[in-house]
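Below is one structure; the comments refer to it alone.
In this note's numbering, the protein residues as written are 333 to 778.
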């Protein structure tokens with residue numbers, strides 16, 4: 333019975349009676365049919381009636397009595413072993429479920445830790461591979477054969493040296509053929525000019541431009557003809573076949589003939605300037621007897637051959653250098669590949685570490701909950717909804733005495749009842765039994 337029912341029960345009831353010896357209300361009870369709960373309720377009701385009679389229904393004393401009633405209720409609940417087991421059953425089941433959950437989390441944690449070890453081993457392996465590849469990239473130019481690279485050792489140095497030689501030789505050929513071609517085909521000679529002045533004219537290019545665009549184009553472009561012939565010598569030399577050797581021989585012959593023509597034209601002009609009435613007409617037989625004729629040929633043709641050989645050497649060294657560079661690039665791409673794998677692994681490791689952290693946090697929380705559950709299981713559970721029931725019976729007995737035995741005015745009696753009900757509500761609030769959740773239980777160490 334709740335407080336409203338108690339209040340309504342005695343709100344208008346006032347029974348004046350002569351003071352006499354207080355007796356408990358007599359109730360006819362069939363003990364065979366009365367349940368243990370009803371017996372317990374009747375006992376609390378009678379106790380409330382009896383205690384009220386001893387204190388004349390004083391509400392201040394009621395507060396002390398209700399504290400004693402709560403202690404008595406606790407002791408009674410503690411002695412009810414079977415009821416305690418029923419109340420604790422849900423906590424026992426939750427504890428078992430939590431322990432099972434912890435076992436699953438521990439297995440998951442061990443699995444994650446094993447995955448973490450595997451990922452860390454993979455990262456270490458990839459880092460070692462990267463270090464090895466970087467070492468090979470540095471060592472490749474010095475020891476290409478060590479890595480099964482068919483390239484000449486020191487190709488970079490040879491390439492640079494060959495290139496440094498090729499540049500001035502190319503400039504020499506350009507100057508030589510511009511000057512000799514202009515001297516052979518366009519320049520006028522005089523008797524005062526020396527052989528060197530006749531062949532190498534430092535102003536040949538400027539004079540050719542002054543003579544006309546055709547002359548200028550001829551002397552400017554003719555060196556590229558010889559450079560092109562030198563490039564073809566290199567190309568034919570790459571594939572060592574009979575046909576290429578024949579082509580190479582023909583190119584050399586053609587180049588030699590062209591140099592002979594240049595030397596012949598220059599020598600003829602010099603001869604015409606120096607000839608007398610007794611001099612024979614100039615021909616190849618006379619040309620072959622002139623030293624400057626052969627000087628002109630060898631100054632161009634031999635240097636041209638040297639240029640072709642150096643160019644061929646530079647291209648071969650460049651090819652060797654490319655082999656090493658390609659191998660280095662292959663290794664560099666592998667380094668980038670493994671570095672990317674390491675980055676992916678590190679992200680996975682971070683995720684695993686976060687998962688392990690969450691699992692550990694969950695385990696700590698669950699273990700804390702298991703400890704709470706164990707404290708509840710080891711302690712005494714006080715069902716507050718039951719206490720409220722029996723406390724209301726006690727207060728009902730207390731107020732029954734006031735209504736039946738206290739001889740005061742109706743107003744005073746109603747005031748006493750209201751004060752008792754207020755004390756009752758205060759007690760329920762104190763012990764936590766006035767919660768909206770009537771199934772709330774409390775742990776007691778008694």
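Backbone N, C-alpha and C fix where the C-beta goes; we use that ideal spot for every residue, glycine too.
Does the Cβ of residue 625 have 16 or more other Cβ atoms within 10 Å, making it buried, or fewer, making it exposed?
For the purposes of this step, residue 625 is identified with residue 293 of the chain shown, where counting begins at 1. The residue in question, residue 625, is buried, as its Cβ has 16 or more Cβ neighbours within 10 Å.
Looking only at C-alpha atoms, which of 546, 667 and 713 sits nearest to residue 464?
Here residue 464 refers to the residue found at position 132 of the chain shown. Residue 464 has its Cα closest to that of 667, out of 546, 667 and 713.
Is the Cβ-Cβ distance between residue 460 and residue 691 less than 8 angstroms?
As a position in the chain shown, residue 460 is number 128, starting the count at 1. As a position in the chain shown, residue 691 is number 359, starting the count at 1. Not a contact, by the Cβ cut-off of 8 angstroms.
Could I get the ranges of all uninterrupted alpha helix (DSSP H) runs contained in the stretch 373-422, with 4 residues as the minimum, in chain order?
391-411
If you draw a straight line from the alpha carbon of residue 449 to that of residue 685, how long is it in whole angstroms?
Looking up residue 449 in the chain shown gives position 117. Looking up residue 685 in the chain shown gives position 353. Each residue's alpha carbon lies about 11 angstroms from the other.
What is the residue span of the beta strand (DSSP E) that residue 713 lies within?
One-based indexing of the chain shown puts residue 713 at position 381. Here the beta strand (DSSP E) through residue 713 covers 712-715.
Separation of residue 423 from residue 716, as counted between CA atoms
As a first step, residue 716 must be located in the chain shown, where it is residue number 384. As a first step, residue 423 must be located in the chain shown, where it is residue number 91. If I take the Cα positions, the gap works out to 17 angstroms.
At least three beta-carbon pairs within less than 8 angstroms, the stretch 671-685 to the stretch 443-457
yes
My output table needs one value for residue 557: the three-state DSSP class, helix, strand or coil.
As a position in the chain shown, residue 557 is number 225, starting the count at 1. Note: residue 557 maps to helix in three-state DSSP.
Helix, strand or coil, according to DSSP, for residue 587 in the structure here?
What you label residue 587 is simply residue 255 of the chain shown in a count that begins at 1. It is helical.
Please classify residue 818 as buried or exposed, where buried requires at least 16 neighbouring CB atoms within 10 angstroms.
Residue 818 is absent from the model: the chain starts at 333 and stops at 778.
So does the stretch 426-443 actually touch the stretch 718-737, counting three or more Cβ pairs closer than 8 angstroms?
no
Within 10 angstroms of its Cβ, does residue 360 collect 16 or more other Cβ (buried), or is it exposed?
Stepping through the chain shown from its first residue, residue 360 is reached at position 28. Model confidence at residue 360 stands at a pLDDT of 45, short of 50, so the residue's coordinates are unreliable; what they give is reported in the following sentence. Its Cβ having fewer than 16 others within 10 Å, residue 360 is exposed.
Rounded separation between residue 416 and residue 713 - CA only
One-based indexing of the chain shown puts residue 416 at position 84. One-based indexing of the chain shown puts residue 713 at position 381. C-alpha separation (whole angstroms): 7 angstroms.
Across the stretch 629-646 and the stretch 552-572, are there enough close Cβ pairs to call them in contact, namely three or more that are closer than 8 angstroms?
yes
How many Å lie between residue 503 and residue 579 at the Cα?
In the chain shown, residue 503 corresponds to position 171, counting from 1. In the chain shown, residue 579 corresponds to position 247, counting from 1. Roughly 26 angstroms between the two C-alpha positions.
Close-in-space but distant-in-sequence residues of the same chain around residue 672 (CB under 6 angstroms, 5 per side omitted)
On the chain shown, residue 672 is found 340 positions in, with the first residue counted as 1. None.
Would you say the stretch 591-606 touches the stretch 546-556, given that touching needs at least three Cβ pairs under 8 angstroms?
no
Status (buried if at least 16 other CB within 10 Å, exposed otherwise) for residue 745
Translated into positions along the chain shown, residue 745 becomes position 413. The residue is buried, with at least 16 neighbouring Cβ atoms inside 10 Å.
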